[in-house]
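Read top to bottom, the protein sequences are chains U and L.
In this text, residue positions in the first sequence follow numbering that gives the first Met the number 0: the first is 0, and each later residue adds one.
In this text, residue positions in the second sequence follow numbering that gives the first Met the number 0: the first is 0, and each later residue adds one.
Ideal Cβ positions, reconstructed from N, Cα and C, are used throughout, including at glycine.
Source: prediction; values computed, not measured.
Structure, as structure tokens:
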Amino acid sequence: MINFIKTYLWLLIPFLWMSPNKTDQNAFKTIKHNVVVNHPGEEKPVNTILSEIQNANGLPIEYTMDVYSVICLEEVCKVIPVKLFWDNTGKYQKYELAKGETLEKYEADLFEPEDYIKLQNILADNDSPFKEVYIDEILTVPDEHGNEDVDAISGATALELDEKDTVPGAALTCYTLWHWANGDVVSQIKSQTGKSVTETQLKNFILDSDNTYFHIAINELEVRKLYSKPFIDVIIRKLLEDASLLRPAYKYLNHTSNEDYLNASKTLFFQGQKEQKLVVLQSLRQTQQNIPQLYLDNLSSEVTNLNSYQEVSLLLELMQDKNPNSPKVIENTFLLLDVKFLVARRAFWFLKNQKLNDSQQKQLNSFQEKHKNKL
Amino acid sequence: MKRREFFKKGTTAAIAAGSVPMIFTSCASTNNIVYDKPKDKWYHLGTGKTGTPNRKPVKNYDVAVIGGGAAGICAAVAAARNGSKIVIIQDRPVLGGNASSEIRVHLNGVNNIKGKAERETGIIEEILLHNRFENEQESFPVFDHVMYDFVVREPNLTLMLNTQAVEAVMEGNKIKSALCWQATTEKMFTINAPIFIDCSGDGLLAATAGAEYRTGREGKAEFNETFAPDEPDGWQMGATLLMSSKDMGKPMTYSPPSYAIKYTHEGASKRRKFAGFQDGIWWIEVGSDDDIIADAEENRHKLMGYLHGVWDYIKNSGKFPEAKNLALDWVGSIPGRRESRRFIGDYIVSERDMTEHKHFEDAVAFGGWSLDEHNPGGIENISEPPSYFHYHFKEVYQFPFRSLYSKNVSNLMFAGRNVSQTHIALSSSRIMATCALQGQAVGTAAAICNKRNMLPREVGQKHIKELQEQLLRDDVFIPKRPANDPLDLARKSSLIFASTSSSGDAKNLLNGMSRDIDGKINHWQSDGLSANVQIEWEAPVSLSKVELKCDSNVKRNIMMRKDSRNDELFNNGVPEEMLKALSIQGRVNGSWVDLGKIEQNRTRLIKFNFNPLKVTAVKVNMTETYGAENAKLFEIRCYT
Chain U
0 MINFIKTYLW LLIPFLWMSP NKTDQNAFKT IKHNVVVNHP GEEKPVNTIL
50 SEIQNANGLP IEYTMDVYSV ICLEEVCKVI PVKLFWDNTG KYQKYELAKG
100 ETLEKYEADL FEPEDYIKLQ NILADNDSPF KEVYIDEILT VPDEHGNEDV
150 DAISGATALE LDEKDTVPGA ALTCYTLWHW ANGDVVSQIK SQTGKSVTET
200 QLKNFILDSD NTYFHIAINE LEVRKLYSKP FIDVIIRKLL EDASLLRPAY
250 KYLNHTSNED YLNASKTLFF QGQKEQKLVV LQSLRQTQQN IPQLYLDNLS
300 SEVTNLNSYQ EVSLLLELMQ DKNPNSPKVI ENTFLLLDVK FLVARRAFWF
350 LKNQKLNDSQ QKQLNSFQEK HKNKL
Chain L
0 MKRREFFKKG TTAAIAAGSV PMIFTSCAST NNIVYDKPKD KWYHLGTGKT
50 GTPNRKPVKN YDVAVIGGGA AGICAAVAAA RNGSKIVIIQ DRPVLGGNAS
100 SEIRVHLNGV NNIKGKAERE TGIIEEILLH NRFENEQESF PVFDHVMYDF
150 VVREPNLTLM LNTQAVEAVM EGNKIKSALC WQATTEKMFT INAPIFIDCS
200 GDGLLAATAG AEYRTGREGK AEFNETFAPD EPDGWQMGAT LLMSSKDMGK
250 PMTYSPPSYA IKYTHEGASK RRKFAGFQDG IWWIEVGSDD DIIADAEENR
300 HKLMGYLHGV WDYIKNSGKF PEAKNLALDW VGSIPGRRES RRFIGDYIVS
350 ERDMTEHKHF EDAVAFGGWS LDEHNPGGIE NISEPPSYFH YHFKEVYQFP
400 FRSLYSKNVS NLMFAGRNVS QTHIALSSSR IMATCALQGQ AVGTAAAICN
450 KRNMLPREVG QKHIKELQEQ LLRDDVFIPK RPANDPLDLA RKSSLIFAST
500 SSSGDAKNLL NGMSRDIDGK INHWQSDGLS ANVQIEWEAP VSLSKVELKC
550 DSNVKRNIMM RKDSRNDELF NNGVPEEMLK ALSIQGRVNG SWVDLGKIEQ
600 NRTRLIKFNF NPLKVTAVKV NMTETYGAEN AKLFEIRCYT
């Protein structure tokens, strides 16, 4: 008998104190969901039960699913039930074996204590090499150390895994469990968490430092068609901190009212950095929403504060498309003729297409004469 | 057509259809065998004349490439595209060598480095992509024609099939001419060229030129090779005869032919596996410890016997119930060769150059297949594993130019399995896509030889940077050698930026590295489509060419396989990442002018050529890929 209990406890300990409110077991609620999960090792989708554990506030805090670890090499198969645990974003946490069960390797070797730890590390790595391994590669590898290779001639298969990436002799177990832990079920857990939480919890999700919660929340807001100001304000707050979320957020913002869309864009443009400004300008160019001239004139007053050629160029493209010949925009753009040459040249060609007064025309002609060889 | 012309052409065709055996005896010269002697008794019924047929044409080219496999095709196309007038002399009726329908080996390359491919780009990738567009059904005979199309469409290139370069005519230490026998026309061509490239595998022309070569295995001591035998010997890895079978949907019987050699698998190494047997078994292999070329016909007969013996074992031993409904639907008659002559260059690549990743200043190609040395004896020594797979590479290795030209024949280069390397080095570099990279390198070098009127060694010594830069421009990847082309005006721009970015940076497009490698990102990727990248110059530049390298996912294999495998490592279609529709614009007097548009792009290297124009900026507009959500680029170049 291997020292399984010891290993199991070792694995469990970190999660005991990491899970909030776990001491108040009575407040927890378990909801069972019938789900259909795809696994690359299975020919057909698998019908199974995903258990959602909610705390006293109805917040999903953990999910579990019972799966099978298949050890099957050279016609010797042993099937062992395994319980997998995820957090509420679908991130794998740990595994448990049924009481008295042990994992085995090729040729009936038992898992050593360090093999259980290694398996945990493999399953917790959502970018493990098992992501890319094809099941046939494992099933046809003769010696489990990956020392077979592909010859030039036929379709013989290859598997090369560093020892650190696999439990030698148990590649199929690693493969099977990795895909259960990190496969199709992850997106289903995210979706279920979104469905389960309250509107207040959704707002908390938006501001959470883990952006996975933002994506769960924004998807759920669209599902529930929640486009009101309190949600938009929280989203703007988050977007000003994290530009990487701008594009998924704009898919949401495009569905808000004209007033909310324009206000959100204005806040992001004036308070945001380069990334926010660029996304706002691109959105304003492409949107079908109505944009008043005054709104655009107002944006143009920021032109001298823009730090990059790209922002200036995009702003001027927006003005050319949606607010041509605006005296205010022209006036603001003239200020650019004295800055860095690439920006000045961009401003020059914009102004060249605008209706100018005599004084402005003179000023523009003077610029043209001065830089005639570089335009 | 006039009646007389009809008869004239018809008669010629009828005569050309014959052939004479390609037999040379010790007392015969080429004059003895060519059918154009004055005593010829041809009476032409159409003209009523007695004539002497002309069967000795003389042709002149800038470069003669011997061999039409992956290496030869790439050598010829590279030289042709770089301005040389080329001929390919191919002794088979089809192109492709080991990958042709005659042999059907997968066109492997660096298929698997730590679970991902590090695929070859350049001409060989173009061929494989062309096949993905033109041969969706993954037929080997159609692949023959895809390669044929790829070659004959090149304007500077002449293809001679069924033609074997049998003898070199020397002038000092240079090959002056190659005598080439065309079996279908009974012609003995004299091919004159200043540069010859032998990509034929066996290297008959190079051998007759007196180029130094060796066969067999080096002993450990000579190159300090871990995996070499203690003492040198004559063993050369065998050739393999392949087959394929088909599920007929009902039980199929099989009885072996008279020449089958009984196979029992008794005492076989456990690593001698049958996985994928329905598509051929690579260890049905026979080599030689003496003269493998002289043994070729004897070995072919044996291999046919072994092939049927193994298939008999699969069908009738009772150990393969899954083979019940299978029947052979194609059997090879031409074994695929792995090894014979290795010619000597100024440098001999050996095991440690590869495993220790030696940096070569003259690197022009790369490899990364394992050190896959097949066992001495092949199927006649089944207690040994069929291959030792000595060493698996964790990163690609460089291959130097000095190993691709002859040490003692001054105008001779080579590419493929016959290059200057040890037996152990060959066990990795013999893979076809690696050979193809060598081919593109020597083809490009040949064009430089022509342009500069010099010999290959001088190119290596004085113009290696020019050679490397041209290869990099033509989308060859050279490990750890970023491009730095002084003619590339994109590198002299003041600003580059992209409309959106989801990963990488537009600045990466000018860093000279055309793939993500060594843990570094060298790409720009859009965030959705459409997207654009813009380059700005402070002062106008005159442009007539813009060249892009888009993504074709070099981490996933695209060669045609018999099992049509389609997963994370192998793709059986067009890479979804590749750009499909794009256009470019130049800014002239403040306005954008269209410079080119492509709606059905088929290559990683995308070239736009247009009339010279002075612009202050260039914009690349990308609107569609073959399925990917984002566009990804690795390089932008601009030329006058």
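query, result
"Nearest-angstrom beta carbon gap, phenylalanine 398/L and alanine 364/L [assumed within contact, 8 Å]", "4 Å"
"Nonlocal neighbours in the same chain, by C-beta distance under 6 Å from serine 199/L, ignoring five residues either side", "Ile65 and Gly66"
"Members of the stretch 490-512 of chain L near chain U, C-beta cut-off 9 Å", "Ser493, Leu494, Phe496, Ala497, Ser498, Thr499 and Ser501"
"Continuous alpha helix (DSSP H) stretch holding glutamate 219/U: start and end", "210-223"
"First and last residue of the uninterrupted alpha helix (DSSP H) at serine 582/L", "Element bounds for serine 582/L: not the alpha helix (DSSP H) but the beta strand (DSSP E), 578-587."
"Selection from Asn125/U, Leu283/U and Lys339/U that minimises the alpha carbon distance to phenylalanine 268/U", "Leu283/U"
"For threonine 63/U, three-class secondary structure by DSSP", "strand"
"C-beta atoms of asparagine 125/U and asparagine 210/U nearer than 9 Å", "no"
"Three-state secondary structure assigned by DSSP to leucine 327/L", "strand"
"Host beta strand (DSSP E) of lysine 314/L (start-end)", "Segment 295-315 is the alpha helix (DSSP H) holding lysine 314/L; no beta strand (DSSP E) there."
"Valine 81/U beta carbon near the ligand HEM (any heavy atom closer than 8 Å)", "Among the components of this structure there are no ligands whatsoever, and the ligand HEM is therefore not found."
"For serine 501/L, the first and last residue of its enclosing beta strand (DSSP E)", "It is not in any beta strand (DSSP E) - serine 501/L carries neither H nor E in the DSSP assignment."
"Residues that DSSP places opposite aspartate 246/L in a beta bridge", "Leu325/L"
"Alpha-carbon spacing of glutamate 284/L relative to leucine 240/L, whole angstroms", "7 Å"
"Test item: CB-CB of glutamate 101/L and serine 244/L under 9 Å", "no"
"C-alpha distance - tyrosine 262/L paired with alanine 77/L, whole-angstrom precision", "46 Å"
"Within 9 Å, strictly: CB atoms of methionine 318/U and leucine 334/U", "no"
"Range of the contiguous beta strand (DSSP E) that encloses alanine 78/L", "Looking at the DSSP string, alanine 78/L is not in any beta strand (DSSP E); the run it does join, the alpha helix (DSSP H), is 69-80."
"Residue-chain proximity (threonine 615/L, chain U), Cβ-Cβ < 9 Å", "yes"
"Rounded C-alpha distance that separates arginine 429/L from tryptophan 310/L", "27 Å"
"The stretch 429-439 of chain L touching the stretch 223-235 of chain L, judged by at least three CB pairs closer than 8 Å", "no"
"Euclidean distance between Cα positions of tyrosine 174/U and histidine 391/L", "22 Å"
"Sub-9 Å separation of leucine 509/L and serine 492/L beta-carbons", "yes"
"Under the three-state DSSP convention, the category cysteine 549/L falls into", "strand"
"Contact with chain L by leucine 341/U, beta-carbon distance below 9 Å", "yes"
"DSSP state of tyrosine 164/U mapped onto helix, strand, coil", "Residue identity check: residue 164/U is aspartate in the sequence provided, not tyrosine. Helix at aspartate 164/U."
"Contact the stretch 349-356 of chain L vs the stretch 250-260 of chain L: 3+ CB pairs below 8 Å", "no"
"Classification of arginine 152/L by the beta-carbon crowding that lies within 10 angstroms, buried from 16 upward", "exposed"
"Residues that serine 541/L bridges to, as DSSP identifies them", "Lys613/L"
"Glutamate 634/L in three-state terms, based on DSSP", "strand"
"Coil, strand or helix - cysteine 198/L by DSSP", "coil"
"Which residues DSSP lists as bridging leucine 370/L, in chain order", "Tyr390/L"
"9 Å Cβ cutoff, alanine 627/L in contact with chain U", "no"
"Cα-Cα separation, asparagine 374/L to serine 138/L", "31 Å"
"Glutamine 353/U to asparagine 324/U span [Cα, whole Å]", "5 Å"
"Proximity of glutamate 567/L and alanine 627/L at Cβ, strictly below 9 Å", "no"
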